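Take a look at the structure set out below.
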Amino acid sequence: GQQVMQIPQYQHVQEGEDFTTYCNSSTTLSNIQWYKQRPGGHPVFLIQLVKSGEVKKQKRLTFQFGEAKKNSSLHITATQTTDVGTYFCAGRRVGGSQGNLIFGKGTKLSVKP
Amino acid sequence: KAGVTQTPRYLIKTRGQQVTLSCSPISGHRSVSWYQQTPGQGLQFLFEYFSETQRNKGNFPGRFSGRQFSNSRSEMNVSTLELGDSALYLCASSKGPPPYNEQFFGPGTRLTVL
Chain A
2 GQQVMQIPQY
12 QHVQEGEDFT
22 TYCNSSTTLS
32 NIQWYKQRPG
42 GHPVFLIQLV
52 KSGEVKKQKR
62 LTFQFGEAKK
72 NSSLHITATQ
82 TTDVGTYFCA
92 GRRVGGSQGN
102 LIFGKGTKLS
112 VKP
Chain B
227 KAGVTQTPRY
237 LIKTRGQQVT
247 LSCSPISGHR
257 SVSWYQQTPG
267 QGLQFLFEYF
277 SETQRNKGNF
287 PGRFSGRQFS
297 NSRSEMNVST
307 LELGDSALYL
317 CASSKGPPPY
327 NEQFFGPGTR
337 LTVL
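The following block contains the structure:
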């Protein structure tokens with residue numbers, strides 16, 4: 002079945018360093034969403050990408066959707082301690098009944114001050 | 227605007243029992259999805275409802291069931307509980323049908339099966 006793989010599983014950075022998490026799907030996606038879950042919290046929607054090659058920015062966060070709509074990345078510039086949490090990508094496959102939203106296993110980011 | 231609410235927040239059950247979890251979506255949202263979150267498996271999709279109809283179902287046994295009411299509130303039921311059902315159960319609502327809507331998650335129900 003459809004899988005969404007996310008790497009790395011963990012990332013430890015020094016405050017001020019950059020961070021990137023990557024998401025790869027075995028099938029073409031109709032769209033991809035990114036969520037952040039703080040420790041003890043619930044996932045919070047960050048952004049949705051729909052178009053092939055789309056790039057969106059939110060302050061220090063840059064999101065990309067691959068040309069083939071099978072991969073995506075989230076890049077954080079100059080991390081801060083408030084960026085701590087687990088970042089999930091989630092995609093839906095193309096066609097049929099649209100299918101369910103498949104989540105990657107997430108990248109847990111820790112930031113050392 | 228109130229967020230997604232889930233009740234109860236915590237639940238302890240024993241093997242073989244059944245449980246019903248409730249979710250109230252954000253006012254005006256008609257789509258509700260349920261997920262199971264565990265440290266090992268991550269977030270796994272259970273079901274998705276829109277206007278009282280189940281639109282999608284994940285790969286879970288028939289012991290897991292759900293429904294949505296006319297006011298968009300949703301419930302999920304797990305029968306004959308197993309130890310492996312211990313997890314955080316998250317409900318998420320969105321305005322319309324998939325696939326183009328962001329989901330707003332509730333705080334979850336932490337289920338422990340003893």
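Top to bottom, those sequences are chains A and B. Just so we're aligned: the first sequence equals residues 2 to 114 in the numbering used here. Just so we're aligned: the second sequence equals residues 227 to 340 in the numbering used here. Yeah, the Cβ is synthetic: ideal placement off N, Cα and C, and Gly gets one too. Predicted model only: the values in this text are computed from it and were never measured.
Name the chain A residues that come within less than 9 Å of B:Q329, Cβ to Cβ?
The contacting residues are Q34, Y36, P44, F46, A91 and L102.
Ordered along the chain, which non-local residues of its own chain (more than five positions away) have a Cβ less than 6 Å from that of A:I48?
Closer than 6 Å at the Cβ level, and outside the excluded window around A:I48, lie W35, K57 and F64.
In terms of residue numbering, what span does the beta strand (DSSP E) encompassing B:V245 cover?
V245 to S250
Own chain residues within Cβ distance below 6 Å of A:H13, not counting five before or after
S111
So, is the C-beta of A:Q12 closer than 8 Å to a C-beta in chain B?
no
Using Cβ-Cβ distances below 9 Å, what residues of the segment 48 to 59 of chain A are close to chain B?
I48, Q49 and V51
What three-state label does DSSP hand B:G310 in the structure shown?
helix
Check the C-beta distance from A:Q4 over to A:T108 and give it rounded, since I have them as a contact under 8 Å.
Contact between A:Q4 and A:T108 does not hold, since the beta-carbon distance rounds to 16 Å and is not under 8 Å.
Beta-carbon neighbours of A:G107, restricted to chain B and to distances below 9 Å:
G268 and L269
Same chain, Cβ closer than 6 Å to B:M302, five either side skipped, listed in chain order:
A distance below 6 Å between beta-carbons, with the five flanking residues on each side excluded, links B:M302 to the following residues of its chain, in chain order: L247, W260 and G292.
In three-state DSSP terms, what is B:T231?
strand
3-residue-minimum beta strand (DSSP E) runs that sit fully inside the segment 279 to 323 of chain B, ordered along the chain
279 to 283, 290 to 294, 300 to 304 and 313 to 320
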